[in-house]
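Notes for the one structure printed next.
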Amino acid sequence: MDRTWWTKFITILIITLGSIWFLVPSYYSFFKLPREDRNNLKLLQEKLPRWSPPARYRLNLGLDLQGGIHMVMRVDTKTALQKRTERRAIQIANYIREAKLGEVTADANPERLEVTLTAKDPSTMDAIEKDVVARFEDFSKVRRDGNKLVLALKENQVNRFKEESVDQALLVIRQRIDKWGVAEADIRKQGNDSIQISLPGYQDPEKAKELIGTTAQLEFRMVDDSSDFFRTVVQKNPPPPDSGIHLTTAEGFPQLEAKDRETLLAYFKGKELPADRQVLLECVASKVKKDACESYRTYLVEKNVPLTGESLNGADASYDQFGEPEVNLNFDAQGGRDFGTLTEKNVGRRMAIVLDDNVQSAPRINEKIPNGRARITMGRGFTKTRQEQLEDAKLLALVLKAGALPAPVTTGEIRQVGATLGPELIRKGSLAAIVGLALVVFFMAMYYKFAGLIADVALILNGMLILAFLAIFNATLTLPGIAGFVLTLGIAVDANVLINERIREELSHGKSPRAAVDQGYDRAFWTIFDAHVTTLIAGFILFFTGTGPIRGFATALVIGLVASLFTSIVVTRVITTYFIHGRGAQTVSV
Amino acid sequence: MRIIKKKTNIDFIGKRRPALFISSILNLSIIVGIAIFGFNFGVDFAGGTVVELKFAHPISAEEIRKRAQSAGLHDVSVQGIGSAAENSFLLRLGGVTQLTKETAAQAEAAIRAMGPLKTFYADLDNGLINFRSEKKLDPAEIKKAVEATGTGVNEVRALGESQAGGFDYQVVSSGMADKISSAMRGNQKEADFLQQRVDYVGPQVGKQLRNKGVMSLLYAMVAILIYVAFRFDFKFGPGALVAMVHDVIMVSGYFLVTRREFNLTSIAVLLTVIGYSINDTIVVYDRIREEMVRYKGKPLPEIINIAVNDTLSRTILTSGVTALSLIGLLIFGVGEIWDFAMAMLVGIIVGTYSSVYIASPLTIWLDERAAAKERAERGGMKATVA
């Protein structure tokens, strides 16, 4: 045995042992955990032996196999844009009236996203046009006929607004799902107007409707910092030490903080709150995981709602004159008056901005804000960089807009699999896979004798590699994935058929076993390679265009084919070479 | 052990004309059939709602249909799945939401009874009703009024006052799946069935998925073709392409003739067939190339005949082994997975056929045409010289 053989042999050994090692978490999750705890990574981690890979490298089951809900929500950006055009028409008309530029009527054409201004006195129109075009930057001039000026929403504004509408809907949906405490919920944008939601193991479709059932409620409510409530409550009823609830202070105000939302809410159950007060939570964003909450903090908030998102015209993140990020709020006429009274009465207190009962921010009121235009500066805390502060400002603006101008959301797709169907599919799927594999293994051994057995060893290693890599890549195993797994092994063994046929052919030409094996592998290599590449191309395209279960099929196919190049060619050759060169076999059993 | 004991010497090339003729007829009739009858699109592509119910006791499809009808659901198709003992049924409804032309008209009448309207528009695709009322209405009242007409309402949204005067409202109707569930339940206290699975796809989403599916097939064919052209001589390209198209059409024919559901899984099968069926073609092409070097000067048809005969046993074996792996799926697979395995089997068989009878003969035909053209050109040159 020469050195290259040993190198190959050791590589194969390492890969084999490695793939077995990586299957350890999957083994524990399927055979050592009760079924309902399969998604409980914490529990799995505790059960795993210390030498095992981390729990997150366990084979995920797709929604079709473990039950759960997959939804696609479509954001009706068209309606949102039309409403916005109408709103802007009113704002433009109001501006012209307030600036005393002249008397106009503003008509919105929601279908074309246009606003037509008609001046009573044509001579005022020039000045109006100049001012309005300069001030309302999201509109551009379409045409001007005498005293009529037609403005249209700019193309880039339309796109930005659509994007924002989806982001707003995403934010609201995320917050609502966070409340349900679904492990492994996956929420993401899909295309430019849809949101994809996967809730593995989740079974309540009625509750899923809450996501779009009601529009998000944005409220402005006063925070009660006068009573030192949280400090007293903790002194009177110390929370159990394992709950993780502890007292902190933010900007000098005491708050309770805990990692788990439910524990925190459960702690307040039965505790007496001051009259007309309510405990609301704020999500402290995780620095590690995007869009996840690191922990939750409490606020004692007045029950009275003096102002809602309906009075808000808009919100934007920008920089103030000192270059500090800030959020600008813009109320309508009545809202502006209400906000003026509210701020006048409560100078020095904190005002909570609440979306769907989640505190988003609680800025301090520094002075009376009379004109309906408020600024929230992001200056609190010196731990954040300016970039982070700008991100915060943008997020807050998004929250405000989500409450003020919600885009209607409709259901595009719901796929729900009940919990009882999954285990049955797994049972049938594995049975089908085992039967298919057994037939192939049996056939190879019968037809090619010893060479067939070697191919079978490679085939089994290939199967293991597919499962191991699915686990490593955190891919999901779906029902079509199982079909893909079986089919891939059927395709993988084709390579050995090609090689063995070639060896037979070379032997029939009177070549020595050694030469026949070498030539068989060399000549068949490119054929096998080409055949694998074409199927891989199809597999990759399926991977990138497919979703859900179908993607699971493509994943199994792609991993299996790549692994097959290794197992069918390299592994079988190393074993065959051992018998021919090493043991000096004079015959080759093909 | 051998499948083909002796070396074969079948004249594949001699039979290419009848083979090409029959294949062309078959392909054309499938295309015409698709144009006339269309596929039996599943919810993925057609939109609609499918609910899988498992009953606790034996029940007939007829009984289920009756229950649906008595609750006012008329166009429900009921289909048993799995073995009879499982009491599992698929119920399929065309609509996605409870809003149809009739129910929308009823809802309109109910809303108009509450006060004069300025506009009314029912978006049946999305299950939405948008209307503008002259006076302010109570969303809860609207919900009550619409639900009284039999359309489930998810939510009524007040969209605010319009600047043109009037108040905008949006009624979001409930999905069909709820209606099936409540219809099946009738007045039972405890439902005698389990809702195993719900698939609900909006019509616009269905259209998107369909377009995406077709595009992915085209991308795959183009990409594989580029690879084949790059790895082999350019003249092999057309043969490979025609064989690929042939296989896709034949497998589509399977879905057309059997009326099995054509859905996302079917697209996955077609893509895999495109990638896999070319494998046999590659085996033959590789051999042709090899023989071309060995027997320089021999006419191409003869070389191809030798190559196809020499590789015949492995062409059959590779396809056979892959088909063998599918048998388990055919025995134990239900629904989509059984369809997947069956269509894949069809793909493997037609793929093997096409690599022998279509890809190679086309290569000859192109080669002959090129030679004839060359001859004609040379002849023309001679003529000018003379």
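Which chain is which? The protein sequence lines are E and G, in order. In terms of the working numbering, the first sequence is residues 610 to 1199. In terms of the working numbering, the second sequence is residues 139 to 524. Backbone N, C-alpha and C fix where the C-beta goes; we use that ideal spot for every residue, glycine too.
Look at Y259 of chain G here: in three-state DSSP terms it is strand. Taking the Cα positions, D149 of chain G is about 58 Å away from Y637 of chain E. Inclusion of N349 of chain G and D182 of chain G in the CB contact set at 8 Å is not warranted, their separation being larger than that value. Counting other Cβ atoms within 10 Å of its Cβ, V1183 of chain E reaches 16 or more and is therefore classed as buried. Per the Cβ contact rule, the stretch 243-255 of chain G is in contact with the stretch 265-273 of chain G (3 or more Cβ pairs under 8 Å). Taking 8 Å as the cut-off, the beta carbon of L657 of chain E is found closer than this to the beta carbon of P634 of chain E. The way I'd put it, the stretch 788-800 of chain E doesn't touch the stretch 908-923 of chain E; fewer than three beta-carbon pairs between them come closer than 8 Å. Three or more beta-carbon pairs separated by less than 8 Å link the stretch 446-457 of chain G to the stretch 409-428 of chain G, which places the two stretches in contact. In the three-state DSSP reduction, T146 of chain G falls in the coil class, being neither helix nor strand. Counting only the Cα atoms, L228 of chain G lies some 60 Å from E933 of chain E.
Counting only runs of 3+ residues, the beta strand (DSSP E) found wholly inside the stretch 926-1007 of chain E occupies 934-940, 960-964, 967-970 and 982-986, in chain order. Under DSSP, the beta-bridge partners assigned to K192 of chain G are G:S226 and G:L332.
Think of a sphere of 8 Å around the beta carbon of K912 of chain E: no beta carbon from chain G falls inside it, the nearest being about 22 Å out. Of all residues in the stretch 416-444 of chain G, those with a C-beta nearer than 7 Å to a C-beta of chain E are I416, N417, I420, V421 and D424, reading in chain order.
The DSSP-derived three-state label of V751 of chain E is strand. Residue pairing of T727 of chain E in beta bridges, as defined by DSSP: E:T714 and E:K757. When only Cα atoms are considered, N1083 of chain E and V472 of chain G end up about 27 Å apart.
Rounded to whole angstroms, D477 of chain G and I442 of chain G show a C-alpha spacing of 35 Å.
With a cut-off of 8 Å on Cβ pairs, the stretch 1168-1183 of chain E is in contact with the stretch 1074-1089 of chain E, counting three or more such pairs. Against chain G, the CB of L916 of chain E has no partner CB under 8 Å away; the residue lies outside that interface. Setting aside the 5 residues that flank it on each side, A1002 of chain E is surrounded in the same chain by A926, P934, E935, V936 and M987, each with a C-beta closer than 7 Å to its C-beta; the list follows chain order.
Under the three-state reduction of DSSP, T287 of chain G is assigned to coil, being neither helix nor strand. Around the beta carbon of G957 of chain E, fewer than 16 other beta carbons lie within 10 angstroms, which makes this residue exposed. Of all C-beta pairs linking the stretch 1052-1070 of chain E to the stretch 710-719 of chain E, fewer than three are shorter than 8 Å, placing the two stretches out of contact. Residues of chain G with a Cβ closer than 7 Å to the Cβ of L1030 of chain E are, in chain order, Q334 and R335.
Chain-ordered listing is empty here: chain E has no CB closer than 9 Å to the CB of R205 of chain G, the nearest sitting near 20 Å. Under DSSP, E655 of chain E forms no beta bridge with any residue. Contact of W1135 of chain E with chain G is assigned, a C-beta pair being separated by under 8 Å. If you draw a straight line from the Cα of E515 of chain G to the Cα of L363 of chain G, it is about 29 Å long. I487 of chain G and S463 of chain G have their C-alpha atoms some 14 Å from each other.
S215 of chain G is bridged by DSSP to G:R230.
In this structure V968 of chain E does not touch Y928 of chain E by the C-beta definition: roughly 25 Å separates them, more than the 8 Å allowed. Annotated three-state conformation of Q826 of chain E is coil, per DSSP.
About 5 Å separates the beta carbons of A1125 of chain E and I1112 of chain E, which is inside the 8 Å limit, making them a contact pair. The beta carbons of L1007 of chain E and Q777 of chain E sit closer together than 8 Å.
Taken in chain order, the complete beta strand (DSSP E) segments of 3 residues or longer contained in the stretch 775-804 of chain E are 795-799.
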